[in-house]
Amino acid sequence: MVSVPSISRQPAELSSSSLFDSAIASSSTAESSSAALSRHIVQLAAVHSKTSQVPKDLTKTPFYPEVKRKLRSIFSLTTFRPNQLEAISTTLSGEDAVVLMQTGGGKSLCYQLPAVCDTGKTRGVTVVICPLLALMQDQVDALKHKGVDVAYFMSGQNTEESDQVTRRLRSKGNRPRIFYITPEKFKHSSIVLHLLNEIRDDRELARFVIDEAHLVIKWGRDFREAYKYVECLRTNFPGIPIMALTATATQHVKEDLIRILGIRGCKVFWQSMNRPNLNYEVRPKKSVEQAIVQFIRTYHPNETGIIYARSRRICEELAVKLRDSHGLKARHFHAGMHPRDKQDALDQWQSDQCKIIVATIAFGMGIDKPDVRYVIHHDLPNDLDGYYQETGRAGRDGKPADCILYYSFRDVTARRRQIRDNQDCDVSEREHQEQEIFRVANFCSNNVDCRRTQVLAYYNETFDPILCDNGCDNCRDPSGIEEEDVTDMTIKIIRLAEVLIEVGKQNVTSTQLLEVLWGKSNAVANRMNMQSHELFGSGRDMSRDRTERIAHRLEYMGIFRTVSRQNGEWSTAYLEV
1 MVSVPSISRQ
11 PAELSSSSLF
21 DSAIASSSTA
31 ESSSAALSRH
41 IVQLAAVHSK
51 TSQVPKDLTK
61 TPFYPEVKRK
71 LRSIFSLTTF
81 RPNQLEAIST
91 TLSGEDAVVL
101 MQTGGGKSLC
111 YQLPAVCDTG
121 KTRGVTVVIC
131 PLLALMQDQV
141 DALKHKGVDV
151 AYFMSGQNTE
161 ESDQVTRRLR
171 SKGNRPRIFY
181 ITPEKFKHSS
191 IVLHLLNEIR
201 DDRELARFVI
211 DEAHLVIKWG
221 RDFREAYKYV
231 ECLRTNFPGI
241 PIMALTATAT
251 QHVKEDLIRI
261 LGIRGCKVFW
271 QSMNRPNLNY
281 EVRPKKSVEQ
291 AIVQFIRTYH
301 PNETGIIYAR
311 SRRICEELAV
321 KLRDSHGLKA
331 RHFHAGMHPR
341 DKQDALDQWQ
351 SDQCKIIVAT
361 IAFGMGIDKP
371 DVRYVIHHDL
381 PNDLDGYYQE
391 TGRAGRDGKP
401 ADCILYYSFR
411 DVTARRRQIR
421 DNQDCDVSER
431 EHQEQEIFRV
441 ANFCSNNVDC
451 RRTQVLAYYN
461 ETFDPILCDN
471 GCDNCRDPSG
481 IEEEDVTDMT
491 IKIIRLAEVL
501 IEVGKQNVTS
511 TQLLEVLWGK
521 SNAVANRMNM
531 QSHELFGSGR
541 DMSRDRTERI
551 AHRLEYMGIF
561 RTVSRQNGEW
571 STAYLEV
């Protein structure tokens, strides 16, 4: 494990007997509908090995001899990774499957190997709906190198190339084994549905594969409506097996995915999402530019890394500062760049001409550089799912890598304000996004529980913190944990908020509230002559860090809420009780 100095923490945690017993609920709830789903789930206990023993019943299927033979002859492999053969056998049997495997777990083989087999219940063309052109191109090139007959529709093809693919798809008995298509092309091309019907009528449609399947839910809701269009597959092509692949999905996403795709009787294969080679750490966001530079120079000089930032402006400015002020080889990357500039930045980073890419979340899926030694979050990720995916781009070669997140509650407040001001989302979506930000904030402020355990709980996976092996800042911290009943201080904070806001009718920020609690004569205290009030300075006996955590937890719990009010050109977040 990478050796990184841990952050000192206050030994006291909120008492289990205090009113915080019902603080933010874990995201691992979904019991009502998951009970039915669990009957179809194939669980994997031992997940850290690269290979698994083949179950004897799977060696007796009519397609096992061909599967084993082509595993070696086409893919140059001799053994299967956990759950690969199970998923392969399921789709060759004509059944639907959802395959959840962490990055590098071997998801692609689960459909590529069946695609080259002739002994399955359904045979012919395997149609792969893939959201990313770069990922699609990489897979097409790799398959062609292996001698697999593959075709694809993607933007940028000229008319002659598209016509050639169309002719191939109409050549009964001589169609490609695998056909890749983007969700946009699948939705908007009138000829695609006609071609698929032809292939089905000729009994040469083997299966549908949906890569990065969680986007059916996530991008369908956010901005990729084309991906949601795949829900018509079961209706239009009954009897054709569907395989959904993803490296990350919460319990709710799994259930929604199965419902939308209409594959309720499917088998679900999953591996542990734990990445044992990653070191997780949350650091206070103070002098963050200097902190990042010092971290890189101390632990990862001349090594490859990714820095995630929330805005395009921050990406550009930070990359310039890293280059010009600190002599680090850095480039920025975001969706607003010209495609040629984005490709140039990516090429330089992948070829090690530049070591650091400073990016928004536009830099993500389809990026597969194995030797990324660190991922730094300059700002809060949108949710824990995003955090897992973004940190998961480190250490894909299996070697130790660091995941550092710089946290300030001010970022939480700013992000909530952005969410509430976003009129492009409906109320329910804004509430969902705000809930996810609170979960991230709860993760960051929890300086006791194992980081790995917290992240995996988001995916409904139980993880023993002993197995973390000091792989996060909380598990490395040598200080003990002492319980402290903070109910009295909590009551003081709530009472003070009521005095200032409800009685005094003041606009009060979270910072101003705490300042009065600590005995600082700010504008709010002066307007109400709070200096003589019993609550003025009543928080002096507790550390500022701890009182801040209590106040922030009250916000997490909804006892306090914030409202944005315009002050000239700026909006300010004020507390309400």
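In full-length UniProt numbering, the protein residues as written are 1 to 577. Just so you know, even glycine gets a beta-carbon here, dropped at the ideal spot from N, CA and C.
CB-CB length for residue i against residue j, believed under 8 Å
i    : j    : result
P400 : N274 : Contact doesn't hold; Cβ gap of about 14 Å is too wide.
I178 : G124 : Not a contact, Cβ separation roughly 11 Å.
A115 : C266 : That belief does not hold up - the Cβ atoms of A115 and C266 are roughly 19 Å apart, past 8 Å.
K285 : Y459 : The Cβ separation is near 26 Å, so there is no contact.
M489 : I437 : M489 to I437, Cβ: 25 Å. No contact.
A369 : E303 : Note on residue identity: the sequence assigns Lys, not Ala, to residue 369. Incorrect: roughly 12 Å between the Cβ atoms, too far for contact.
V412 : M243 : Between M243 and V412 the Cβ distance is about 39 Å, and since that is not below 8 Å, they are no contact.
I217 : V268 : Contact doesn't hold; Cβ gap of about 15 Å is too wide.
N- and C-terminal bounds of the beta strand (DSSP E) containing residue i
i    : result
E483 : E482 to E484
P276 : Careful: P276 lies outside any beta strand (DSSP E) and carries neither H nor E.
G305 : T304 to Y308
A151 : V150 to F153
K267 : K267 to W270
D163 : First-last for D163: T159 to L169, but that is the alpha helix (DSSP H), not the beta strand (DSSP E).
A244 : I242 to T246
I178 : I178 to I181
CB contact below 7 Å: residue i versus chain C
i    : result
Q137 : Protein chains in the displayed structure number just one, and chain C is not present.
Rounded straight-line distance, which links the Cα of residue j to that of residue i
i           : j    : result
K107        : C475 : 31 Å
Y111        : R313 : 41 Å
L77         : T248 : 25 Å
R544        : W518 : 8 Å
L196        : F153 : 13 Å
F560        : L554 : 6 Å
S532        : N442 : 35 Å
G398        : S287 : 32 Å
I501        : L575 : 8 Å
L71         : R439 : 43 Å
C425        : D149 : 43 Å
residue 594 : V192 : The question about residue 594 has no answer, for the chain in this structure spans 1 to 577.
L143        : L85  : 19 Å
R546        : I88  : 52 Å
D449        : T103 : 25 Å
D344        : P176 : 33 Å
R396        : S564 : 42 Å
A151        : M136 : 11 Å
D352        : V320 : 18 Å
T51         : P82  : Confidence at T51 is low in this model, with a pLDDT of 40, below 50, so the placement of that residue should be treated as unreliable; the coordinate-derived value is given next. Each residue's Cα considered, the two are about 6 Å apart.
Y556        : V128 : 42 Å
L58         : L245 : 21 Å
I404        : A573 : 28 Å
R420        : G558 : 15 Å
T562        : R527 : 21 Å
Q251        : V230 : 20 Å
T453        : L346 : 33 Å
S73         : P381 : 43 Å
A36         : E255 : Confidence at A36 is low in this model, with a pLDDT of 40, below 50, so its placement is unreliable and the value that follows should be read with caution. Computed Cα separation, rounded: 10 Å.
F80         : L113 : 11 Å
Residue i: first and last residue of the uninterrupted alpha helix (DSSP H) it sits in
i    : result
A457 : R451 to Y458
A401 : No alpha helix (DSSP H) holds A401; the beta strand (DSSP E) holding it covers A401 to Y407.
I191 : S190 to D201
V209 : V209 -> not in any alpha helix (DSSP H); beta strand (DSSP E) instead, spanning L205 to I210.
R81  : Per DSSP, R81 belongs to no alpha helix (DSSP H) and is neither H nor E.
R72  : Y64 to S73
H145 : L133 to H145
D473 : D473 to R476
C444 : V427 to S445
D256 : Q251 to L261
beta-carbon residue i near the ligand FMN non-hydrogen atom, thresh 6 Å
i    : result
N470 : Absent from the structure shown: the ligand FMN. Ligands present: none.
Query raised in the report: Of all the beta strand (DSSP E) runs that stay within the bounds of the segment 87-125, which reach a length of 3 or more residues?
Result: The segment 87-125 contains, as complete beta strand (DSSP E) runs of 3+ residues, the segments 97-100 (chain order).
Query raised in the report: Does the segment 202-213 come close enough to the segment 58-67 to have 3 or more Cβ pairs within less than 8 Å?
Result: no
Query - Meets three-Cβ-pair contact criterion under 8 Å: the segment 407-422 and the segment 383-394 - result: The segment 407-422 makes no contact with the segment 383-394, as fewer than three CB pairs between them are under 8 Å.
Query raised in the report: At what residue ranges does the segment 318-391 contain a whole run of the beta strand (DSSP E), taking only runs of 3 or more?
Result: If you keep only unbroken beta strand (DSSP E) runs of at least 3 residues inside the segment 318-391, you get 330-333, 356-359 and 372-377.
Requested in this report: Would you check if there are 3 or more beta carbon pairs closer than 8 Å linking the segment 228-242 to the segment 429-441?
Outcome: no
Query raised in the report: Taking one C-beta from the segment 506-523 and one from the segment 361-375 each time, how about it: are there three or more such pairs within less than 8 Å?
Result: no
Requested in this report: Check whether the segment 287-302 touches the segment 477-486, taking contact to mean three or more Cβ pairs, one atom from each stretch, closer than 8 Å.
Outcome: no
Query raised in the report: For the 8 Å Cβ check, are there 3 or more pairs between the segment 306-321 and the segment 354-363?
Result: Cβ pair count under 8 Å is three or more, so yes.
Requested in this report: Any chance you could list the alpha helix (DSSP H) runs of at least 4 consecutive residues sitting entirely within the segment 528-573, in chain order?
Outcome: 544-557
Requested in this report: Starting from the N-terminal side, write out each stretch of the beta strand (DSSP E) that is 3 residues or longer and does not extend beyond the segment 480-517.
Outcome: 482-484
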